[in-house]
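To keep things clear, I will list the structure first and then write my remarks on it.
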Amino acid sequence: MQKALSCSRLRPTILRSFIPVRHFATPTDQPVSRPERDPATPPGPPLRPHLNLPVNPNHGLYGFFRKIKTEKGVEAYETVEVTATESGRSWRAAELRRKSFQDLHTLWYVLLRERNLLATQDEGLRRITGEKMSSNGTRNLMCRQAMARIKCILGERRLAYEGALKIHEAQRQVKAQVKVEARQLNKDNFKRKFTERKARWTREQKRKQAEKLKAIETQKAKEVEKEIEKEENRAGSVAARGIF
C-alpha cells in the first residue's frame, strides 16, 4: 500500500487530468480534448479547523478517495465505500484493440488510480474493523484483468511492428540485390559491346590493311608491266633499225 501511495504521489498532475470514461481512439489530426482547470482555484476549507491550514481542492492525493455529495449538498470524500454494491465489467481485448496508444496510456493510469483507491478503502476498513471488503477484491481483479489485456495488446502491436520492420528490411535487401545485379549486368553488357566493337574495329583494320597491300601489289604489277612494255618497245625499235 505504501509503495502504491508513493508511486501515485509522483504523478499528481497527470492523474488530475484523466477522465475515467470509455471512448474510442482519437484521430491524430484532431487535438485531444482535456478538461479545463481554473488556475485560480480558491482554497477549500481546512481539513483540521484548529490548524487553519488552506487546502487545494485539486490536489492529486484526492484521487485516492471518492468524492460524494452529502444530503446538505456539501462535497466530501469517503475512505470506505459502502453504498455501491455493483460495478461494471472489465475492458475486453476487442474493445482495447480499437484504442490508440494515447488512449491506452490514459486508461492504464485510470485503472492504476482505481486500484490505489480500492487499496486505500481496504486499508481504511482494515484499520476500522480489521477485515477487508470482498467487493473491492472483485473490482481490483477486474482492474488487473484490464491492465493485463492492455499489456497483451501492446505486446501484439510490438510484435506487429517488429514483423513490419523485418518485412521492410527484407524488401530493402531485395531492392539492394536487384540494384547490384542490374549494375553488374550493365557492366557485362558494356564489356561485351566493347569487345564486339574492338573485334569489329580489328576486322575492319585488317580488311583495310589487306586492301592497301593489294592496291600496292596491283600498283607494282602495273609498274612492272609498264617497264616490260617499254623494254619490248625499245627492243622492237632497235630491231627495226637493224633491219633497215
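The opening residue of the sequence shown carries number 1 in the UniProt record's numbering; numbering runs sequentially from there. The beta-carbon is built from N, C-alpha and C at its ideal position, and this holds for glycine as well.
- For R127, the enclosing alpha helix (DSSP H) has its first and last residue at 101–129.
- Less than 8 angstroms separates the beta-carbon of L118 from that of N136.
- Here the C-alpha atom of I228 lies approximately 47 angstroms from the C-alpha atom of E196.
- Below 8 angstroms, enough C-beta pairs join the region 90–104 and the region 139–149 to call them touching: three or more.
- In the DSSP assignment, L96 falls within the alpha helix (DSSP H) that extends over 93–96.
- If you draw a straight line from the Cα of L159 to the Cα of V174, it is about 22 angstroms long.
- By the 16-neighbour rule on beta-carbons within 10 angstroms, R234 is exposed.
- Between the C-alpha atoms of D122 and L96 there is a straight-line separation of about 28 angstroms.
- In the three-state reduction of the DSSP assignment, S237 falls in the helix class.
- In terms of Cβ geometry, N140 and R115 form a close pair [threshold 8 angstroms].
- For T138, the closest of L154, V110, G88 by C-alpha to C-alpha distance is G88.
- Take the alpha-carbon of Q145 and the one of D103: they are about 17 angstroms apart.
- The alpha-carbon separation between K230 and K198 amounts to approximately 47 angstroms.
- As the crow flies, the alpha-carbon of A215 is around 16 angstroms from that of K226.
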